[in-house]
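Undergrad:
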Amino acid sequence: MKKQQSGFTLIELVMVIVILGILAAFALPKFADLTGDARTASIEGLAGALKSAAAISRAQQLANQGTLGASVTLDGQAVTMVNGYPTANAAGIGAAAGVDSADYSSSGGGTAGNTTITYTINGYTGGTCQVTYTSANAATDNTAPITAQPAVAVDSSGC
-1 MKKQQSGFTL IELVMVIVIL GILAAFALPK FADLTGDART ASIEGLAGAL KSAAAISRAQ
59 QLANQGTLGA SVTLDGQAVT MVNGYPTANA AGIGAAAGVD SADYSSSGGG TAGNTTITYT
119 INGYTGGTCQ VTYTSANAAT DNTAPITAQP AVAVDSSGC
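Note that my numbering gives residue 122 to position 124 of the sequence shown, counting from 1, and the numbers run on in steps of one.
1. May I ask you to report which of helix, strand or coil DSSP gives GLN147?
2. Sort GLN59, PRO84 and GLY106 by Cα distance to PRO148 and report the nearest one.
3. Using the Cα positions of VAL97 and ILE20, report the straight-line distance between them to the nearest angstrom.
4. Put ASP153 into one of helix, strand or coil per three-state DSSP.
5. For LEU11, decide whether its Cβ has a neighbour in chain B, counting only Cβ atoms nearer than 8 Å.
6. At what residue ranges does the segment 26 to 51 contain a whole run of the alpha helix (DSSP H), taking only runs of 4 or more?
7. Hey, how far is the Cα of GLY124 from the Cα of SER105?
8. So for ALA23, helix, strand or coil by DSSP?
9. Buried or exposed, going by whether 16 or more other CB atoms sit within 10 Å of the CB of THR126?
10. Assign MET79 to buried or exposed, taking buried as 16 or more other Cβ atoms, counted over all protein chains shown, within 10 Å of its Cβ.
11. Assuming ASN120 and ALA146 form a contact by the criterion Cβ under 8 Å, report the distance between their Cβ atoms to the nearest whole angstrom.
12. Go ahead and label LEU48 buried or exposed: buried means 16 or more other beta carbons lie within 10 angstroms of its beta carbon, across all protein chains shown.
13. Start and end of the beta strand (DSSP E) containing GLN128?
14. Of all the options ASN112, LYS28, GLN75 and VAL12, which has the alpha carbon lying nearest to the alpha carbon of ALA51?
15. What do you reckon, are the CB atoms on GLY111 and SER133 nearer than 8 Å?
16. Quick check on the burial criterion: 16 or more other C-beta atoms within 10 angstroms. Buried or exposed for ILE41?
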């Protein structure tokens, strides 16, 4: 009796490899750009953290009935304040948002109102991929609120 063999022929195996190669060639560009999306998501996530941290710090200061320039404590961390919101430095908004210096580098900053600090992703030099926090500025007249709120701007055009 002859024993019947089962399995793939060489031609079937080559055809499967060719089809997988074609599918990989079309799918690769879709997955190759995920790093840019990840950088954009990281910067936008940091912007959201900065906005939330500014609001929480403001609420904590109001709850403590503190003066506008006094510091507040969030999760055991002192946060320096100016005009009722965190200052634009590592001891202010950086401490309030828990910005990790291993992930983001900063430039600028200061303790006065209307000062900016810019955060970028560590090690990325491919283009503009940053978030900028501008500390609250004192009002210029009696009809305006006590302070103008801080601003957070995202530039992800080069991520």
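Using N, Cα and C, we set each Cβ at its ideal position, and we do this for glycine too.
TA: So, from the data block:
1. coil
2. PRO84
3. 44 Å
4. strand
5. Protein chains in the displayed structure number just one, and chain B is not present.
6. none
7. 17 Å
8. helix
9. exposed
10. buried
11. The Cβ separation is near 31 Å, so there is no contact.
12. buried
13. 128 to 132
14. GLN75
15. yes
16. buried
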